[in-house]
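A.B. asks: Structure provided below as structure tokens; questions to follow.
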Ligand code: TRP
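In our numbering, the protein residues as written are 6 to 449.
Encoded structure:
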């Protein structure tokens with residue numbers, strides 16, 4: 006990127022990248038499918054034991070090299086520069102993700118319109134039908150909403166991330182948070198709340214399946230934007246003398262909190278309205294919240310619109326962070342103008358995004374390797390590319406980069422035992438955990 010972030014700008018940008026549909030949509034969906042609390046416990050453990058560790062590794066690569074992922078590995082590797090630079094291409098994973106991610110933002114946009122026009126469904130059954138129709142029959146709405154979100158994302162990236170998002174983040178994050186808190190307060194007064202709390206916080210390991218562990222790991226990577234070059238890219242503009250350890254811990258905390266709050270609200274109403282969290286798939290959040298807002302009458306419509314809009318912004322700041330690494334790479338490597346780089350990426354994303362829409366329409370059902378194209382992009386990025394990118398980043402920082410250089414970088418913020426502890430996790434525990442989880446899940 007062209008210049009450094011301001012200190013607060015960096016934290017906001019990374020928090021803006023981290024907090025998004027991973028917390029608001031993927032987290033509740035996976036928690037619902039995986040039986041709740043035990044999955045959450047796993048997710049939290051993996052976030053701290055693996056996510057946090059790899060986050061700092063990627064941050065070191067970005068900060069020390071001040072480059073995009075491909076050039077960063079190339080610059081920092083003492084030998085085999087070309088081979089290491091290939092690891093930077095895991096950023097292609099982010100392009101795959103953004104293609105279906107924009108579609109999910111597009112669904113939220115559609116729901117924002119539905120809230121404003123008072124066309125939300127009255128009960129869960131109707132809500133389920135409505136979501137089903139949107140994704141399996143309504144090409145036009147998905148096409149229009151996708152195109153609108155798509156242009157907003159690429160317009161902001163074309164202006165440069167720093168100018169584009171600092172102001173956006175400063176308003177949207179707190180408002181999302183306040184709306185979530187208000188919803189939580191309302192939820193507490195409901196009977197479903199106790200059931201939701203039990204479902205989310207009292208671990209029942211009998212419900213956990215081996216494959217859930219890989220899901221939890223994928224989610225930990227996804228929600229911290231790891232493994233595909235986002236953190237490397239943003240850290241390339243990390244201003245000097247920023248306490249990046251406290252920043253990282255804050256970001257991780259906010260990220261977990263938003264997921265948990267969202268989970269509490271969504272599941273309260275799933276239980277309140279008598280539904281089974283296990284059954285709803287990717288529509289869970291939409292089905293639960295749309296019904297809630299409709300039941301609250303006119304106030305609910307206004308509130309719902311406000312809530313969906315702040316989710317859209319949270320999603321857009323994340324989507325931007327998926328496009329930026331590749332844009333930064335094209336600009337650095339081929340001397341391309343930002344505009345040209347952005348147009349090139351935009352064309353690819355538009356095509357992939359359209360294929361995602363076609364994959365769930367009942368007339369087209371575009372499938373690949375036996376799953377819908379949407380699920381295919383989601384699975385290869387979360388279950389393969391991100392964990393792989395994460396392991397390679399930790400091996401690179403742990404074994405290839407000089408420990409001295411890291412010590413100098415970390416010295417003012419984390420030293421002594423904590424630094425050594427991180428270093429051991431980085432070299433052995435985190436990569437091993439990732440490999441074991443991947444192998445076990447793939448063999449099952
Ligand atoms: N972390 C974001 C979320 O939870 C998504 C995201 C942003 C992301 N940048 C990324 C995911 C890079 C993977 C890779 O919604």
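All residues carry an ideal CB built from backbone N, CA and C; glycine is no exception.
Which residue or residues does DSSP assign as beta-bridge partners of residue 372?
C.D. replies: DSSP, once it has assigned bridges, lists 377 as partnering residue 372.
A.B. asks: Can you look up residue 295 in the DSSP assignment and give me helix, strand or coil?
C.D. replies: It is helical.
A.B. asks: Name the residue from 280, 100, 312, 432 whose alpha carbon lies nearest to the alpha carbon of residue 121.
C.D. replies: Of 280, 100, 312, 432, the residue nearest in Cα terms is 312.
A.B. asks: Specify, as a first and last residue, the run of the alpha helix (DSSP H) that residue 53 falls within.
C.D. replies: Counting along the chain, residue 53 falls outside any alpha helix (DSSP H), and DSSP gives it neither H nor E.
A.B. asks: Should residue 235 be listed as close to ligand 1, given that the test is whether its C-beta is under 7 angstroms from any heavy atom?
C.D. replies: Answer for residue 235: yes, Cβ within range of ligand 1.
A.B. asks: What's the C-alpha gap between residue 290 and residue 146?
C.D. replies: If you take the alpha carbons of residue 290 and residue 146, they lie about 19 angstroms apart.
A.B. asks: Decide yes or no for the touch test of the region 31-49 against the region 339-347: beta carbon pairs closer than 8 angstroms, at least 3 of them.
C.D. replies: Output reads no: the region 339-347 does not touch the region 31-49.
A.B. asks: Answer yes or no: do residue 84 and residue 77 have a C-beta to C-beta separation smaller than 8 angstroms?
C.D. replies: No, they are not a contact pair.
A.B. asks: At a cut of 8 angstroms, does the region 419-436 reach the region 51-70 through at least three beta carbon pairs?
C.D. replies: Contact holds: three or more Cβ-Cβ distances are below 8 angstroms.
A.B. asks: Give every residue of the same chain whose Cβ lies closer than 7 angstroms to the Cβ of residue 276, excluding the five residues on either side of it in the sequence, and list them in chain order.
C.D. replies: Within the same chain, residue 276 has close Cβ partners 197, 200, 201.
A.B. asks: Under the criterion of a Cβ to heavy atom distance below 7 angstroms, does residue 268 qualify as lining ligand 1?
C.D. replies: The answer is no for residue 268.
A.B. asks: Give every residue of the same chain whose Cβ lies closer than 7 angstroms to the Cβ of residue 250, excluding the five residues on either side of it in the sequence, and list them in chain order.
C.D. replies: 418, 419.
A.B. asks: Would the C-beta of residue 17 count as close to ligand 1, meaning under 7 angstroms from any of its heavy atoms?
C.D. replies: Because no heavy atom of ligand 1 lies under 7 angstroms away, the Cβ of residue 17 does not count as near it: no.
A.B. asks: Return the chain-ordered list of same chain residues with a C-beta closer than 8 angstroms to the C-beta of residue 87, the five sequence neighbours on each side being excluded.
C.D. replies: Here the set comprises 79.
A.B. asks: So, under 8 angstroms CB-CB, residue 232 and residue 95 are touching, yes? Tell me the CB distance rounded to an integer number of Å.
C.D. replies: That pair is a contact at about 6 angstroms.
A.B. asks: Suppose you measure from the CA of residue 350 to the CA of residue 151; what does that come to, to the nearest Å?
C.D. replies: Taking the straight line from one Cα to the other gives about 16 angstroms.
A.B. asks: Taking only runs that begin and end inside the region 183-228, name each unbroken alpha helix (DSSP H) of 4 or more residues, in chain order.
C.D. replies: Whole alpha helix (DSSP H) segments, 4+ residues: 197-206, 215-228.
A.B. asks: Using only CA atoms, which one of 13, 102, 72, 21 lies nearest to residue 358?
C.D. replies: Selected option, being the one with the closest Cα: 102.
A.B. asks: Quick one: does the C-beta of residue 23 sit closer than 7 angstroms to a heavy atom of ligand 1?
C.D. replies: For ligand 1, at least one heavy atom lies less than 7 angstroms from the Cβ of residue 23.
A.B. asks: Between residue 227 and ligand 1, is the CB less than 7 angstroms from at least one heavy atom?
C.D. replies: Yes, since a heavy atom of ligand 1 falls inside the 7 angstroms radius drawn around the Cβ of residue 227.
A.B. asks: Using alpha carbons as the reference points, say which of 423, 422, 394 lies closest to residue 89.
C.D. replies: Closest option to residue 89, Cα to Cα, is 394.
A.B. asks: Take every Cβ of the region 264-274, pair it with every Cβ of the region 179-195, and state whether three or more of those distances are shorter than 8 angstroms.
C.D. replies: With a cut-off of 8 angstroms, the region 179-195 and the region 264-274 count as touching, because enough Cβ pairs lie within range.
A.B. asks: For a quick check, are the C-beta atoms of residue 154 and residue 114 less than 8 angstroms apart?
C.D. replies: The answer is yes: Cβ separation under 8 angstroms.
A.B. asks: For the alpha helix (DSSP H) containing residue 260, name the first residue and the last one.
C.D. replies: 249-277 is the span of the alpha helix (DSSP H), which, as asked, contains residue 260.
A.B. asks: Measure the C-alpha to C-alpha separation of residue 284 and residue 49 and round it to an integer number of angstroms.
C.D. replies: Each residue's Cα considered, the two are about 24 angstroms apart.
A.B. asks: Within 10 Å of its beta-carbon, does residue 30 have 16 or more other beta-carbons around it, so buried, or fewer, so exposed?
C.D. replies: Buried is the call here.
A.B. asks: If you check the beta carbons only, do residue 218 and residue 442 fall under 8 angstroms apart?
C.D. replies: Yes, they are a contact pair.
A.B. asks: In the structure shown, what three-state DSSP assignment does residue 116 receive?
C.D. replies: In the structure shown, residue 116 sits in a helix (DSSP, three-state: H, G or I).
A.B. asks: Please indicate yes or no: does the CB of residue 365 lie closer than 7 angstroms to some heavy atom of ligand 1?
C.D. replies: No, Cβ of residue 365 sits at least 7 angstroms from all heavy atoms of ligand 1.
A.B. asks: Report the three-state DSSP secondary structure of residue 240 (helix, strand or coil).
C.D. replies: Correct three-state label for residue 240: helix.
A.B. asks: Answer with buried or exposed for residue 287, where buried requires no fewer than 16 other C-beta atoms within 10 angstroms of its C-beta.
C.D. replies: It counts as buried.
A.B. asks: Taking only three categories from DSSP, how would you classify residue 286?
C.D. replies: The answer is helix: DSSP assigns residue 286 an H, G or I state.
A.B. asks: Would you say residue 27 touches ligand 1, meaning its beta carbon is less than 7 angstroms from a heavy atom?
C.D. replies: True, at least one ligand heavy atom lies under 7 angstroms from that Cβ.
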